[in-house]
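First up is the structure itself, then whatever we jot down about it.
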DNA sequence: TGAATGTCGATTGTCGACAATCGACAGACG
DNA sequence: CGTCTGTCGATTGTCGACAATCGACATTCA
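Chains as they are written, first to last, in the numbering used here: chain A, 1 to 232; chain B, 233 to 464.
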């Protein structure tokens, strides 16, 4: 097989269903489609330029991921988020990250720590530049990496769903505008604890990190009705 | 609204899709459909007397649950189980049960312990009667209850999937024929530890309980090729 | 008047037919 | 003879049309 002179990109090869999933999921977790919003199959199909078959399959997947809710013969809506949902989301998230953390420390691979530190550096740079979007992106990357480094595929699959819903919560309650560099620096002690293999400390710090965000969001949720337009 | 004289049962009201899911899922976790087995949409549709639309949606759900594997334009097969899969399955299972256990002990509700003990009694009766099937059923009920008592819906959803796949592994490696009453009695120390709220002990016992089963299965898996017919 | 029942529009659930894509094999070309 | 290319059957992916079911409203009858 002769090598081609220039490296070409792989062309987009996903099925229609997968692309629909991506589009809708992104719209939901970005908060563009708000909780309670009705998702009418024919309307969506027309708007996206596809038929109902792949669209229905996409909605089914999102339903199983917990992003939408379907009542038989009634319709599909973007799932409403209760305070309990958020609390469960964050407690479960903590569980998954702690598990990964334990595996990581047990493996004791310096490469792991380096990778986490890279994401921290990127966060810090973004924070100093005042780029919230980029900061959040690297924040996600940090936690995603933590999970990926476990090498546990079942854990990763579970994380995927949880992580998306966390993104959604943050998007709907955006801009609590804390000091950006402080957010970034929050991650240092965790990395350090991993580096010196202090399991208990790392676990404790991680849970504090997660819980503080979760509690804050849950309280905010209570304060204002919810993220939906409440179009009743 | 006048009360009817006799209590009538709710009639089966599931969509075709849901019933297909139930049938296929049960066949897979019971080991009737073996790993590697090809699932051809038209054949299944004909056999079940439905069209491909709801069947495809059912396969999609099973795919996301990790029970089958679909390659675009190639087909769907019952997912193969590697040794790694089994190890992940059991470690993840341990994680979920430990989490539930912690919540349970934190709540400290005597009713919880009573419920677990009921399942244990049923297990013991089944064991003494030599009814393996019934024993396994109540064993599952015990662990299902443990999860349910947490009242954590996200945990329950996650458990659902894991639990099914564990059932599948056991079905494919059935009859290791250990002493039945001993299996049942295994659960007593755990219940006792919960009753006296000894968290560490309960967690340790639970993990031993789960890990011993998981390791045993993983080893057996290695010994014999795998559960599939290897029809190559 | 008001509770039970019939009707209607909207939306989802299901179906059969057609299009797209795959791996395997046959054939052309050097 | 080996490699690449074109064709073929099988299977999945997508489509438009029809059937089933829902809540809301209108209607009936005491």
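Backbone N, C-alpha and C fix where the C-beta goes; we use that ideal spot for every residue, glycine too.
Listed by chain order, chain A residues near residue i by CB distance under 8 Å
i                      : result
residue 285 of chain B : 53
residue 313 of chain B : Neighbours of residue 313 of chain B on chain A: none; closest Cβ ~12 Å, over 8 Å.
residue 289 of chain B : 56, 57 and 60
Partner residues on chain B for residue i, Cβ-Cβ distance less than 8 Å
i                      : result
residue 15 of chain A  : 304
residue 158 of chain A : 324 and 390
Contacts that residue i makes with chain A (C-beta to C-beta distance below 7 Å)
i                      : result
residue 212 of chain B : Because chain B in this structure spans residues 233 to 464, residue 212 of chain B falls outside the shown range and cannot be described.
Pair within 8 Å by beta-carbon distance, residue i and residue j
i                      : j                      : result
residue 359 of chain B : residue 415 of chain B : yes
residue 17 of chain A  : residue 45 of chain A  : no
residue 320 of chain B : residue 158 of chain A : no
residue 115 of chain A : residue 150 of chain A : no
residue 329 of chain B : residue 378 of chain B : yes
residue 413 of chain B : residue 356 of chain B : yes
residue 280 of chain B : residue 253 of chain B : no
residue 213 of chain B : residue 310 of chain B : The question about residue 213 of chain B has no answer here: the residues shown for chain B are numbered 233 through 464.
residue 144 of chain A : residue 163 of chain A : yes
residue 137 of chain A : residue 148 of chain A : no
For residue i, the nearest candidate out of the options (CA to CA)
i                      : options                       : result
residue 374 of chain B : B:394, B:389, B:353 and B:393 : B:353
residue 200 of chain A : A:101, A:14 and A:12          : A:101
residue 405 of chain B : B:445, B:380 and B:293        : B:445
residue 42 of chain A  : A:15, A:76, A:10 and A:14     : A:76
residue 429 of chain B : B:380, B:351 and B:342        : B:342
residue 255 of chain B : B:242, B:239, B:293 and B:241 : B:293
residue 72 of chain A  : B:246, B:305 and B:303        : B:246
residue 132 of chain A : A:108, A:170, A:113 and A:118 : A:170
residue 188 of chain A : A:12, A:117, A:11 and A:10    : A:117
residue 186 of chain A : A:210, A:26, A:168 and A:108  : A:210
residue 281 of chain A : A:25, A:8, A:12 and A:10      : This structure does not reach residue 281 of chain A, given that chain A is present from 1 up to 232, and the question cannot be answered.
residue 434 of chain B : B:243, B:345, B:244 and B:302 : B:345
residue 119 of chain A : A:11, A:134 and A:9           : A:134
Contact list for residue i against chain B, beta-carbon separation under 7 Å
i                     : result
residue 64 of chain A : 293 and 296
Within chain B, partners of residue i - CB distance below 9 Å
i                      : result
residue 163 of chain A : Going along chain B, no residue has its Cβ under 9 Å from residue 163 of chain A, so there is no contact; the nearest lies around 13 Å.
Closer than 9 Å at the beta carbon, the chain A residues around residue i
i                      : result
residue 331 of chain B : 91, 92 and 95
Cβ contact (3+ pairs, closer than 8 Å) linking the segment 32 to 52 of chain A and the segment 91 to 111 of chain A = no
task = Jot down the residue ranges of each uninterrupted alpha helix (DSSP H) in the segment 309 to 355 of chain B, minimum 4 residues, whole runs only, in chain order.
result = 315 to 339
task = Assess, as a yes-or-no matter, whether the segment 191 to 204 of chain A is touched by the segment 77 to 85 of chain A under the definition of 3 or more beta carbon pairs within less than 8 Å.
result = no
key: Segment contact flag, the segment 199 to 206 of chain A with the segment 59 to 74 of chain A, C-beta cutoff 8 Å, min 3 pairs   = no
query = Is there contact here, the segment 30 to 48 of chain A with the segment 266 to 277 of chain B, by at least three beta-carbon pairs under 8 Å?
reply = no
ask   = What are the uninterrupted segments assigned as alpha helix (DSSP H) that are 4 or more residues long and contained completely in the segment 132 to 202 of chain A, given in chain order?
value = 132 to 148, 153 to 172, 180 to 185 and 188 to 195
ask   = Which ranges does the beta strand (DSSP E) cover as unbroken runs of at least 3 residues, wholly within the segment 17 to 86 of chain A, from first to last along the chain?
value = 68 to 71 and 75 to 78
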